[in-house]
Every structure is written in structure tokens, then in C-alpha cells.
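Data block below; observations after.
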Amino acid sequence: MKFIPYLFIFFAVFSACSQKNEPVKVQLTDTIWKQKLSPEAYYVLREKGTEKPYSGKFLFHKENGYYTCAGCGNRLFESNAKFDSHCGWPSFDEQISASSIRTQTDRSLGMVRTEITCANCGGHLGHLFDDGPTETGKRYCVNSLSLQFEPMNESHLDTLILGGGCFWCIESVFDEVKGVKEATSGYTGGVADQVTYEEVCSGKTKFIEVVSVVYDSTQISTLELLKIFFTIHDPTTLNRQGADVGYQYKSAIFYKNDAQKKLAVACIQKLAKDQVFDQPIVTELFPFDHLVPAEEYHQDYFEKNPNNAYCKAVIQPKRDKFEKSFKELKK
Ligand code: FE
Numbered sequence: 001m002k003f004i005p006y007l008f009i010f011f012a013v014f015s016a017c018s019q020k021n022e023p024v025k026v027q028l029t030d031t032i033w034k035q036k037l038s039p040e041a042y043y044v045l046r047e048k049g050t051e052k053p054y055s056g057k058f059l060f061h062k063e064n065g066y067y068t069c070a071g072c073g074n075r076l077f078e079s080n081a082k083f084d085s086h087c088g089w090p091s092f093d094e095q096i097s098a099s100s101i102r103t104q105t106d107r108s109l110g111m112v113r114t115e116i117t118c119a120n121c122g123g124h125l126g127h128l129f130d131d132g133p134t135e136t137g138k139r140y141c142v143n144s145l146s147l148q149f150e151p152m153n154e155s156h157l158d159t160l161i162l163g164g165g166c167f168w169c170i171e172s173v174f175d176e177v178k179g180v181k182e183a184t185s186g187y188t189g190g191v192a193d194q195v196t197y198e199e200v201c202s203g204k205t206k207f208i209e210v211v212s213v214v215y216d217s218t219q220i221s222t223l224e225l226l227k228i229f230f231t232i233h234d235p236t237t238l239n240r241q242g243a244d245v246g247y248q249y250k251s252a253i254f255y256k257n258d259a260q261k262k263l264a265v266a267c268i269q270k271l272a273k274d275q276v277f278d279q280p281i282v283t284e285l286f287p288f289d290h291l292v293p294a295e296e297y298h299q300d301y302f303e304k305n306p307n308n309a310y311c312k313a314v315i316q317p318k319r320d321k322f323e324k325s326f327k328e329l330k331k
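Residue numbers for the sequence shown follow the numbering used here, so the first one is 1 and each next one is one higher.
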């Protein structure tokens, strides 16, 4: 199990910088920007101005939600990326997705800094520094005038429970999907309140490895998540994914309501009708009962063990496949 007879070496090619020279999507005339924005916001966003420190309305703001571009509404940061930097401007340690913000060298005022702009409209946001106190090491120093706030509506959150072989793989991919708030590895299908990895590995319990995907339905649909699921795992091999063999590696969807069940059935029927796979789809549908979260060392396994042979040979290709097939759905 999880034994890899040979090792592939994969070279990840990051193309985040390739968009730098592409024109931004929202291009308005100066006259229209002036009509659309307050004079203060125009000065910051369109003339690369800076608001006075400790003057912005979002400096001490702590609500749960999204910070968006005040020029075009593009989501830039999640509230959980905000931290108190004591620099006088709202600060974040991570942008919401690789494609939300662009960077460029700013040599104004006799300094060399990294300017950050909205990738959608080109609006000036602030600067990026490498002195952040969190694990990202980044400090996005942003003008409140460049931002608006969109509260998180908890009722938009939904959960999908997916079994597609080793949970390390499925979790690693769904962690990268836009709109996914949390992907947690766990076990479901059995009746016991608790179960261990070793017990599940025996293949003798009714538990299988799954990933609980919590997502914001205003950002991504259940159908899009199912399409990703059926792309990154093989739904035609019974109780098996590649070299991982056993009941616990069953391809399965645990639905939480009738709507999810109907959607999963329709999705499988469509894949079968379109003959996407050479063999019949064996994915099973079950009503969801309860999740036993997997042990801590299984959570974010790929992130914690990037040099592990299994991660390189099995998980990375699935991540690559997702990136290639669903570029627009990557965080
Ligand atoms: Fe913008």
C-alpha cells in the first residue's frame, strides 16, 4: 500500500508571471473611473496614491468575509489572511488566489518596492513586503481606499464528502480549488464513533478514506466539484486506485441531501452516456452519516511532505491534471 516501485521526477512549471504582460480585463476611460470612484479612491487606485497611515476604515476591521477591489469587485483577500502589522495600513499574509493580484517593481520615492495591483482592473492596492510575521513571510500592505468588504454568508457554505482512493491525493487537489474553504481528510461509512488509520487500512471495517470539502457555493458549484473529482481519480476500478488496493479506497460519494444525490447520479449518467471512460463507472453513492477526522499527520500531507516519493509520483500528477483541466478554478 502506498508503495511506489519507481520514482518520477516532476518539474513544476509555474506560469503565474506569464499573465503580467497581458492587458487587464476591466479597462475604463479616466472619465468613467472618475465617475465611478470617490476622489480619494481615484487618487489611490488610479494615481497610485497612499492614504494616511491609521486613517483607513479597514485597519482594525475583523469581520469574516472577503476583501474585494474597490474598483472592480475582484476578490483579493480572505479575512483569515488579515493580521495586525502595526504599520498603519490593513495587512494580509496571503492573497486569495495566485491570479487575483499582480506585482511589479516600484522605484518611486527613491526606494525599490514591490507594488501590488488588482489583476482584474489594474487598480493600485499598495505594496508587498517580505517581512511578514506568519509562515508565508509576506505582508501585503494595502490601502483601505482600494478595498471593499463582502461579508461571508455562512448559508452559502456547503459540504461534499468524496472518496477517491488515498485521501492525501484528493485533499491536496481540493485544497487548491477556488471557493473551497477547507478540505479535511477523514473516514466515513462505518458505524463506530472512532476508528484509527490502522483499523481502516485493514480493509475490514466499513470505513473508507474520504475528504470532506467545505465550499462557498457562490464561488464554485457542486457540479464543478464533481467534475474535478471524476477527473482526478479513476471511477472505474472497484475498491482500488492504482497501487492502492482495498475496500477503504472505494470510489464513493456520500451525499448530505437529495439535491447532492440527484446531481451525483446525473453526473455519473452523463459521463457514462458520453463514454468518457472505457470501463463502467463503479462509484457508489451513500447517504452521509458521520465523519471521523483522520489523524493530524494525514492532514495537508502533501504540503507537509513535498519530497515524499508517493507525493511526487502519485499526488503531483493529480495536481497537474487538475491544473491543466481546470485552470480557471485554481485558487
Ligand atoms: Fe480591480
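Idealized CB from N, CA, C, for every residue including glycine.
The C-beta distance from VAL210 to THR188 rounds to 5 Å, short enough to fall under 8 Å.
Selection PHE77, GLY73 and LYS48 evaluated against LYS62 yields PHE77 as nearest (Cα-Cα). A check of alpha carbon separations from SER38 across TYR54, GLY246, SER146 and VAL314 identifies SER146 as the nearest. DSSP assignment within the region 252-285 yields the following whole alpha helix (DSSP H) runs of 4 residues or more, N-terminal first: 258-273. Here the distance from the Cβ of CYS72 to the nearest heavy atom of the ligand FE is below 7 Å.
Distances between the C-beta of VAL26 and the heavy atoms of the ligand FE include at least one below 7 Å. Leaving aside the five residues that flank ARG75 on each side, the residues in its chain whose CB is nearer than 7 Å to its CB run, in chain order, TYR66, THR68, ILE96 and SER100.
Check the Cα spacing between MET111 and each of TRP89, GLY179, HIS127 and ALA119: the tightest is with HIS127.
Shown here, ALA41 sits in a helix according to DSSP, grouped into three states.
TYR54 carries a coil assignment under DSSP once its states are collapsed to helix, strand and coil. Going by DSSP, THR31 is part of the alpha helix (DSSP H) stretching over 30-36. Counted as a single uninterrupted DSSP element, the stretch harbouring PHE129 is not any alpha helix (DSSP H) but the beta strand (DSSP E) occupying residues 124-129.
Here the region 82-94 lies against the region 135-146, with 3 or more beta-carbon pairs under 8 Å apart.
Here SER55 is exposed. Its C-beta has fewer than 16 other C-beta atoms within 10 Å. For the set VAL173, ASN257, ASN80 and ILE208, the Cα lying nearest the Cα of SER251 is the one of ILE208. Beta-carbon to beta-carbon, THR117 and LEU160 are separated by about 34 Å, too far to satisfy the 8 Å threshold. The three-state secondary structure of SER221, taken from DSSP, is coil. With 16 or more neighbouring CB atoms inside 10 Å of its own CB, ARG319 falls in the buried class. Note that the C-beta distance between VAL44 and GLY122 is not below 8 Å. For CYS166 against TYR249, the beta-carbon gap comes to about 7 Å, under 8 Å, which counts as contact. Cα atoms of ARG46 and GLY242: separation of roughly 53 Å, rounded to the nearest angstrom.
The C-alpha of GLU171 is placed about 8 Å away from the C-alpha of SER212. Take GLU284, set aside five residues on each side of it, and the residues of its chain with a beta-carbon closer than 6 Å to its own are ALA252, in chain order. With at least 16 other beta carbons inside 10 angstroms of its own, GLY179 counts as buried.
The three-state secondary structure of ASP216, taken from DSSP, is strand.
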